[in-house]
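Q: Just passing along the structure, written as structure tokens.
Numbering (the UniProt record's numbering), first residue to last: 1 to 245.
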């Protein structure tokens, strides 16, 4: 069930026959901005968001991450080094009742994903099986163990919060953490956001990873200035009251 590539000479674009879709998919570097307002898309194989390069079926509006389109049937990963991982394809229309969180991002795996080849589909509470109950998205399996993110300043963020989106970083999931003294936590899906792409999430606009960290730093600086101003006003008020009495 490996994907088979072929090149379309007439259009000069790389095409792909993939087991998740009956039609030939074309590799697209960016979305058509006359049709789409952003460069974001939803992958129809793994169900996760994507940006930039994708494999696309124009006839069906079907999209694949590049990582999902090219993922091998088996792989080894630093996230689960003791056993090989097996690619699973359950279909995009499957009804998912099982709780199967991705080991890296904690989002549920569905459709196209990897599982430990020695593990079961359902969680066992036998300690001997704990190391075998492992699931991961194809895109998450490609994440590096270390990343470098250049920041102009370091935001003051609580240890349990992501320095980019400021949501809680679960202690049960994997995250990037910087060395002391800053010790920033960042969700893996946040640190890999495109550097230049602005995109919509719900009713608000989200920024790129670096922009969002710098926004957090600016907010932290503003908060610190407000706290200093508040302390100075409180001290002045106490002095006025002292003079009155």
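Glycine is no exception: its CB is placed at the ideal position from the N, C-alpha and C atoms.
Since the model is a prediction, treat every value here as computed from it, not as a measurement.
With DSSP run on the structure shown, which of helix, strand or coil describes residue 73?
A: Within the chain shown, residue 73 is the residue found at index 73, counting from 1. In the structure shown, residue 73 sits in coil (DSSP, three-state: anything other than H, G, I, E or B).
Q: With a threshold of 7 angstroms on Cβ separation, who are the neighbours of residue 78 within its own chain once the five nearest residues in sequence on each side are excluded?
A: Stepping through the chain shown from its first residue, residue 78 is reached at position 78. Answer for residue 78: 145, listed in chain order.
Q: Do the stretch 80-89 and the stretch 55-64 touch if we need at least three Cβ pairs shorter than 8 angstroms?
A: The answer is no - the stretch 55-64 does not touch the stretch 80-89, with fewer than three Cβ pairs under 8 angstroms.
Q: From residue 190 to residue 117, what distance separates their C-alpha atoms?
A: As a first step, residue 190 must be located in the chain shown, where it is residue number 190. As a first step, residue 117 must be located in the chain shown, where it is residue number 117. Computed Cα separation, rounded: 28 angstroms.
Q: What residues match up with residue 138 in a beta bridge as DSSP calls it?
A: By 1-based counting over the chain shown, the position of residue 138 is 138. Answer by DSSP bridge pairing: none, since residue 138 is not bridged.
Q: Is residue 30 near residue 15, with beta carbons less than 7 angstroms apart?
A: Mapped onto the chain shown, residue 30 falls at position 30. Mapped onto the chain shown, residue 15 falls at position 15. Result no, Cβ atoms of residue 30 and residue 15 do not sit closer than 7 angstroms.
Q: From this set, 107, 69, 136, 28, which residue's C-alpha is nearest residue 76's C-alpha?
A: Indexing the chain shown from 1 puts residue 76 at position 76. Among 107, 69, 136, 28, the Cα nearest to that of residue 76 is on 136.
Q: For residue 7, collect the residues of the same chain with a Cβ closer than 6 angstroms to its Cβ; drop the 5 residues on either side in sequence, then sort them by chain order.
A: Counted from its first residue, the chain shown places residue 7 at position 7. At residue 7 the pLDDT is 44, less than 50, meaning the model places this residue with poor confidence; the figure from the coordinates comes in the next sentence. 14.
Q: Closest to residue 50 by C-alpha separation, out of 187, 139, 164, 108, would be which residue?
A: Sequence index remark: in the chain shown, residue 50 carries index 50 (1-based). Closest option to residue 50, Cα to Cα, is 139.
Q: Applying the criterion that 16 or more other CB atoms from any shown protein chain within 10 Å of the CB defines a buried residue, is residue 141 buried or exposed?
A: In the chain shown, counting from the first residue as 1, residue 141 sits at position 141. Burial call: buried.
Q: Are residue 86 and residue 74 closer than 7 angstroms when you measure CB to CB?
A: Translated into the one-based positions of the chain shown, residue 86 becomes position 86. Translated into the one-based positions of the chain shown, residue 74 becomes position 74. Taking 7 angstroms as the Cβ cut-off, residue 86 and residue 74 qualify as a contacting pair.
Q: Relative to the alpha-carbon of residue 91, which residue among 43, 175, 63, 112 has its alpha-carbon at the smallest distance?
A: Here residue 91 refers to the residue found at position 91 of the chain shown. If we check each option's Cα against that of residue 91, 112 comes out closest.
Q: Measure from the alpha carbon of residue 167 to the alpha carbon of each residue in 105, 41, 46, 101, then state which is nearest.
A: As a position in the chain shown, residue 167 is number 167, starting the count at 1. The shortest C-alpha separation from residue 167 is found at 105.
Q: I need the boundaries of the beta strand (DSSP E) containing residue 51, first residue and last residue.
A: As a working mapping, residue 51 is identified with position 51 in the chain shown. Run containing residue 51: 49-51, per the beta strand (DSSP E) assignment.
Q: In whole angstroms, what separates the C-alpha of residue 20 from that of residue 46?
A: Sequence index remark: in the chain shown, residue 20 carries index 20 (1-based). Sequence index remark: in the chain shown, residue 46 carries index 46 (1-based). Each residue's Cα considered, the two are about 10 angstroms apart.
Q: Using only the alpha-carbon positions, how far apart do residue 132 and residue 178 sit?
A: To locate residue 132, count along the chain shown from 1; it is residue 132. To locate residue 178, count along the chain shown from 1; it is residue 178. So the two alpha carbons sit approximately 29 angstroms from each other.
Q: Where does the unbroken beta strand (DSSP E) through residue 42 begin, and where does it stop?
A: Within the chain shown, residue 42 is the residue found at index 42, counting from 1. Its beta strand (DSSP E) spans residues 40-42.
Q: Could you compute how far the alpha carbon of residue 180 sits from the alpha carbon of residue 17?
A: Your numbering for residue 180 matches position 180 in the chain shown. Your numbering for residue 17 matches position 17 in the chain shown. About 47 angstroms.
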